[in-house]
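Here's the structure, in structure tokens; my notes come after.
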Amino acid sequence: DLGAIGDNLGGPTVTAGPMHDQLYNLQMLEAAYHKLPQPKDSERARSYIPKHPVATPSSYPQVQAPIVNNPAFWERLGMEPYGADTLFFAFYYQQNTYQQYLAAKELKKQSWRFHKKYNTWFQRHEEPKVTTDEYEQGTYVYFDFHIANDDLQHGWCQRIKTEFTFEYNYLE
Amino acid sequence: LGIDLLTLGLNLNSSEDLHKTFSSPWSDEPAKGDPEFVVPQCYYTK
Amino acid sequence: EPDPAGFRDQVSSLLMEWYGICELPGANDVACSHFILKLHQGGFLKGDDMTDRFFRCLTEFAVAHCLSSEGINSGSAQSSQQPQSLSFLAIDTYAKLLFSILKYGPVEQGSSKLLVLQRIMAVTIRYIQKDAEDKKASFNPRPYFRLFINWLLDLNSSDPAVDGASFQILVTFSNAFHALQPLKVPSFSFAWLELVSHRSFMPKILTGNSQKGWPYFQRLLVDLFQFMEPFLRNAELGVPVHFLYKGTLRVLLVLLHDFPEFLCDYHFTFCDVIPPSCIQMRNIILSAFPRNMRLPDPSTPNLKIDLLAEISQSPRILSEVDAALKAKQMKADVDEYLKTRQQVSSFLSELKQRLLLPPSEAAISGTRYDVPLINSLVLYVGMQAIQQLQARTAHAQTPVNPASLAVFLISAALDIFQTLIVELDTEGRYLFLNAVANQLRYPNTHTHYFSFVLLYLFAESNQEIIQEQITRVLFERLIVNRPHPWGLLITFIELIKNPRYNFWNRSFIRCAPEIEKLFESVARSCG
Chain A
1 DLGAIGDNLG GPTVTAGPMH DQLYNLQMLE AAYHKLPQPK DSERARSYIP KHPVATPSSY
61 PQVQAPIVNN PAFWERLGME PYGADTLFFA FYYQQNTYQQ YLAAKELKKQ SWRFHKKYNT
121 WFQRHEEPKV TTDEYEQGTY VYFDFHIAND DLQHGWCQRI KTEFTFEYNY LE
Chain W
1001 LGIDLLTLGL NLNSSEDLHK TFSSPWSDEP AKGDPEFVVP QCYYTK
Chain U
2001 EPDPAGFRDQ VSSLLMEWYG ICELPGANDV ACSHFILKLH QGGFLKGDDM TDRFFRCLTE
2061 FAVAHCLSSE GINSGSAQSS QQPQSLSFLA IDTYAKLLFS ILKYGPVEQG SSKLLVLQRI
2121 MAVTIRYIQK DAEDKKASFN PRPYFRLFIN WLLDLNSSDP AVDGASFQIL VTFSNAFHAL
2181 QPLKVPSFSF AWLELVSHRS FMPKILTGNS QKGWPYFQRL LVDLFQFMEP FLRNAELGVP
2241 VHFLYKGTLR VLLVLLHDFP EFLCDYHFTF CDVIPPSCIQ MRNIILSAFP RNMRLPDPST
2301 PNLKIDLLAE ISQSPRILSE VDAALKAKQM KADVDEYLKT RQQVSSFLSE LKQRLLLPPS
2361 EAAISGTRYD VPLINSLVLY VGMQAIQQLQ ARTAHAQTPV NPASLAVFLI SAALDIFQTL
2421 IVELDTEGRY LFLNAVANQL RYPNTHTHYF SFVLLYLFAE SNQEIIQEQI TRVLFERLIV
2481 NRPHPWGLLI TFIELIKNPR YNFWNRSFIR CAPEIEKLFE SVARSCG
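Quick mapping for you: the protein sequence lines, in order, are chains A, W and U. Heads up: the first sequence begins at 1 in this note's numbering, then just goes up one per residue. Heads up: the second sequence begins at 1001 in this note's numbering, then just goes up one per residue. Heads up: the third sequence begins at 2001 in this note's numbering, then just goes up one per residue.
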């Protein structure tokens, strides 16, 4: 019943529905024409699910401002006086969202590079002393969550790492 | 004599693929289009 | 058999429980995976009859909830014109369950995830087919459309849970859409075309996987054309058919722009199922050319198409050109004749008769002729002639100038074409000339050869009616709105420019003032 096209592509052995005559098909098409899928039938609320939701006082906006999905917003945030910290915040605290992607793009533009093994962003502090096809070695700044040994003082900060080897297969 | 196909809402001279913003066969508006992005697996830090 | 006692209540409470999990704020991976494990332990996901019952109930509850919201949300005084606002809460909740089964299902049964997906798809297909059969004109496709949209978006995400099986998942969707094609579920037609052309499906099945997805999508396009074909034979289309037709044009334009090679390689299949009256739609397909090809402007003065590099390359044809010939047991006779050119068993004189349909089929097909058989005969014979040509020029002692038309005179093939053009009646001749004109596409050996065949038949024929009909077949393809295939333009330009065809002195050019003006305006637009 498929005419010149062999039904040789397989598929579930679903009971073949009945074939109808043209008049029936036209009537059903007419009926379907009055029940077209609507644009919103295809849209899914882009529900952002915060990882660790905190009850936000009702005086605050209850949904994210659309601007966080605007690439230009993140370009501005990357500039002075905001600097990279906001980008790092979006990257680590808004995971699996478009803004994480935008923040990462902006960090990359500022020549930060992500180390997949340490989940850490590095930036050359000076030209590396050694560079080969597999890695580079030198002094880097990196953005890290630092816990002081007395555990009193901790938080995100930028630190210096000398003699670090950045293996390229860990470069995302 | 057919339809002037340029009136169907598709930018046939676009250098970009049309399917990315093809909203539906019934509409001559391009889809707003979810931003096309993939967050690499390693960005999901535990 | 009916569901076991209490089964439906059990499924209903599981759906409520699942809804509760989905409503939890934040990512609830742990809760999801516990619930999926519970379903496994409850025996709902073994892929057996219980699984079918489970998902059939879930579908029923979710659809019922959605349609029950029809009255609530949009007020009772809704006109049938205004689209109802439906709540998809239950549909979305149920849809998420499928993705979660794939994502959180026990990993050791990697392959069985796909089986569970195919099983759930088969249950869904049967449910839709039955619902459409029962409800007929009051069937509402929108809940099912929403269900598939959810699954398309979830299962085509790049989530690692499904990434590995993405091609098989696309094939599963393709088989599902094939089972729900308009000829089988006509009341699902609009939803169906929107799903098949969705940006989460069409580009994915046509991209990558070394084009393994192409045959599946080609089959879906054929499903659509076969459904529309009876309604497109007449020029006047009813509103719903015209709406579906315009939607089809949009999809074809996206394919023409983004995947032209796909249209190129399956043009023969599509021409089999597009009615001859659908000239513009067919032109879209025939105008496709490979993206890496640059077409010279057909109106370039003294354009030497014989010298184009591409003109000696054969086009890729993925359709089974000789399928119809084999099905009608004609292939052997054709091969025999092409090889020996003997009057075997009066092959030529019977040819016309063999192209006719039995009266019963003629009534359904709207024509007395077997169009796919004519298409198959014309292209197959042409391809054999081209092969002989290439063999001959490859072994020629003195290099044969491909520009000389003489090389085309593979007489066995031309015998067949000349027999057809002389013996067929007007309708048959029109269908035969259409089959030839359908090969006038981008620069390749088929375009070159069939362009020659049309011009040769025009020049050699001593009946004006034949010359008129050849002109008509070319002309009707040129006066419709764009696009126009490159091979069509260069053939028509050659016909009107080359004095050998003495075109402008043909009486049918002047059969009416507006016709004469039309010829002149088309000639001008062809430069």
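We put the CB at the ideal spot given by N, CA and C, even for glycine. Bear in mind the structure is a predicted one, so any value in this text is a computation, not a measurement.
Could you name the residues of the same chain whose beta carbon sits closer than 7 angstroms to that of residue i, not counting the 5 residues immediately before and after it, in chain order?
{"i": "residue 2233 of chain U", "result": "2275, 2277, 2366"}
{"i": "residue 2076 of chain U", "result": "Interpretation of residue 2076 of chain U is limited by its pLDDT of 46, a score under 50 that renders its predicted location unreliable; the figure taken from the coordinates is listed afterwards. Excluding residues within five positions, none has a Cβ falling inside 7 angstroms."}
{"i": "residue 2451 of chain U", "result": "2440, 2487, 2490, 2491"}
{"i": "residue 1031 of chain W", "result": "1021, 1022, 1023"}
{"i": "residue 2266 of chain U", "result": "2218, 2318, 2319"}
{"i": "residue 2206 of chain U", "result": "2213, 2214, 2217, 2259, 2262"}
Need the endpoints of the beta strand (DSSP E) that residue i sits in, please.
{"i": "residue 163 of chain A", "result": "154–167"}
{"i": "residue 137 of chain A", "result": "135–147"}
{"i": "residue 120 of chain A", "result": "120–124"}
{"i": "residue 113 of chain A", "result": "113–115"}
Buried or exposed: where does residue i fall if 16 or more other Cβ atoms within 10 Å of its Cβ makes it buried?
{"i": "residue 2332 of chain U", "result": "exposed"}
{"i": "residue 114 of chain A", "result": "buried"}
{"i": "residue 2519 of chain U", "result": "buried"}
{"i": "residue 2150 of chain U", "result": "buried"}
{"i": "residue 2202 of chain U", "result": "buried"}
{"i": "residue 1094 of chain W", "result": "Given that chain W is displayed from residue 1001 to residue 1046, the structure contains no residue 1094 of chain W and the question cannot be resolved."}
{"i": "residue 2315 of chain U", "result": "buried"}
{"i": "residue 2121 of chain U", "result": "buried"}
{"i": "residue 65 of chain A", "result": "exposed"}
{"i": "residue 2453 of chain U", "result": "buried"}
{"i": "residue 2272 of chain U", "result": "buried"}
{"i": "residue 121 of chain A", "result": "buried"}
{"i": "residue 85 of chain A", "result": "exposed"}
{"i": "residue 1042 of chain W", "result": "exposed"}
{"i": "residue 145 of chain A", "result": "exposed"}
{"i": "residue 2426 of chain U", "result": "exposed"}
{"i": "residue 2171 of chain U", "result": "buried"}
Please compile the residues from chain W whose C-beta is within a distance smaller than 7 angstroms of the C-beta of residue i.
{"i": "residue 101 of chain A", "result": "1037, 1039"}
{"i": "residue 116 of chain A", "result": "1042"}
Within the continuous alpha helix (DSSP H) that includes residue i, where are the two ends?
{"i": "residue 2280 of chain U", "result": "2279–2286"}
{"i": "residue 2192 of chain U", "result": "2189–2196"}
{"i": "residue 22 of chain A", "result": "22–33"}
{"i": "residue 2040 of chain U", "result": "2029–2041"}
{"i": "residue 2233 of chain U", "result": "Premise fails: residue 2233 of chain U is in no alpha helix (DSSP H) and is neither H nor E."}
{"i": "residue 63 of chain A", "result": "Taken as a continuous stretch (DSSP letters only), residue 63 of chain A belongs to no alpha helix (DSSP H), as it is neither H nor E."}
{"i": "residue 2268 of chain U", "result": "2267–2273"}
{"i": "residue 2150 of chain U", "result": "2142–2155"}
{"i": "residue 2184 of chain U", "result": "Element bounds for residue 2184 of chain U: n/a, residue is neither H nor E."}
{"i": "residue 1031 of chain W", "result": "Taken as a continuous stretch (DSSP letters only), residue 1031 of chain W belongs to no alpha helix (DSSP H), as it is neither H nor E."}
{"i": "residue 2016 of chain U", "result": "2007–2023"}
{"i": "residue 2369 of chain U", "result": "Taken as a continuous stretch (DSSP letters only), residue 2369 of chain U belongs to no alpha helix (DSSP H), as it is neither H nor E."}
{"i": "residue 2452 of chain U", "result": "2445–2460"}
Who are the Cβ neighbours of residue i in its own chain at under 6 angstroms, not counting the five residues just before and after it?
{"i": "residue 130 of chain A", "result": "137"}
{"i": "residue 2176 of chain U", "result": "2121, 2125"}
{"i": "residue 2403 of chain U", "result": "Low per-residue confidence applies at residue 2403 of chain U: pLDDT is 47, beneath 50, and the placement is therefore not dependable enough to give any value."}
{"i": "residue 2123 of chain U", "result": "2052, 2055, 2056"}
{"i": "residue 2420 of chain U", "result": "2432"}
{"i": "residue 2413 of chain U", "result": "2381, 2385"}
{"i": "residue 2324 of chain U", "result": "2372, 2373, 2376"}
Excluding the five sequence neighbours on either side, which residues of its own chain have a C-beta within less than 8 angstroms of the C-beta of residue i, listed in chain order?
{"i": "residue 2526 of chain U", "result": "2298, 2299, 2478, 2489, 2492, 2493, 2496"}
{"i": "residue 74 of chain A", "result": "87, 90, 99, 102, 103, 105, 106"}
{"i": "residue 2168 of chain U", "result": "2114"}
Mind listing the chain W neighbours of residue i? Cutoff is C-beta to C-beta under 9 angstroms, in chain order.
{"i": "residue 2194 of chain U", "result": "1024, 1025, 1026"}
I want to verify the contact list: residues of chain A whose CB lies under 7 angstroms from the CB of residue i, in sequence order.
{"i": "residue 2137 of chain U", "result": "27, 28, 31"}
For residue i, go through chain A and note every residue whose CB falls closer than 8 angstroms to its CB, in chain order.
{"i": "residue 2189 of chain U", "result": "28, 29, 32"}
{"i": "residue 2298 of chain U", "result": "Per Cβ cutoff of 8 angstroms: no residues; residue 2298 of chain U is ~31 angstroms from chain A at best."}
At a CB-CB cut-off below 8 angstroms, which residues of chain W make contact with residue i?
{"i": "residue 2257 of chain U", "result": "1010, 1012, 1014, 1017, 1018"}
Item to check | Short-range partners of chain U found in the segment 56–79 of chain A, where Cβ spacing is below 9 angstroms | outcome: So the list is empty, because no residue satisfies the distance condition.
Next on the checklist: If the cut-off is 9 angstroms on Cβ atoms, which residues from the segment 2213–2246 of chain U count as contacting chain A, listed in chain order?
Outcome noted: Answer set for the segment 2213–2246 of chain U: 2215, 2216, 2218, 2219, 2222, 2223, 2226, 2227, 2230, 2231, 2238, 2239, 2240, 2241, 2243, 2244.
Item to check | Under 9 angstroms (Cβ pairs) to chain U, residues found in the segment 1017–1035 of chain W | outcome: Against chain U - using a Cβ distance shorter than 9 angstroms - the residues of the segment 1017–1035 of chain W are 1017, 1018, 1019, 1020, 1021, 1022, 1023, 1024, 1025, 1026, 1027, 1028, 1031, 1033, 1034.
Next on the checklist: Taking beta-carbon pairs under 8 angstroms, can you tell me which members of the segment 20–39 of chain A lie near chain W?
Outcome noted: Residues of the segment 20–39 of chain A with a C-beta less than 8 angstroms from any C-beta of chain W: 36, 37, 39, listed in chain order.
Item to check | Where the segment 2137–2153 of chain U meets chain A: residues whose CB sits under 8 angstroms from a CB there | outcome: Of all residues in the segment 2137–2153 of chain U, 2137, 2138, 2139, 2140, 2141, 2142, 2145, 2146, 2149, 2150, 2153 have a Cβ within less than 8 angstroms of some Cβ in chain A.
Checklist entry - Which of the residues in the segment 2453–2474 of chain U, read from start to end, lie with their CB under 7 angstroms from any CB of chain W? => result For the segment 2453–2474 of chain U, which is checked against every Cβ of chain W, not one residue is closer than 7 angstroms.
Item to check | chain A contacts made by the segment 2276–2296 of chain U, where a contact means CB separation under 8 angstroms | outcome: Listed in sequence order: no entries.
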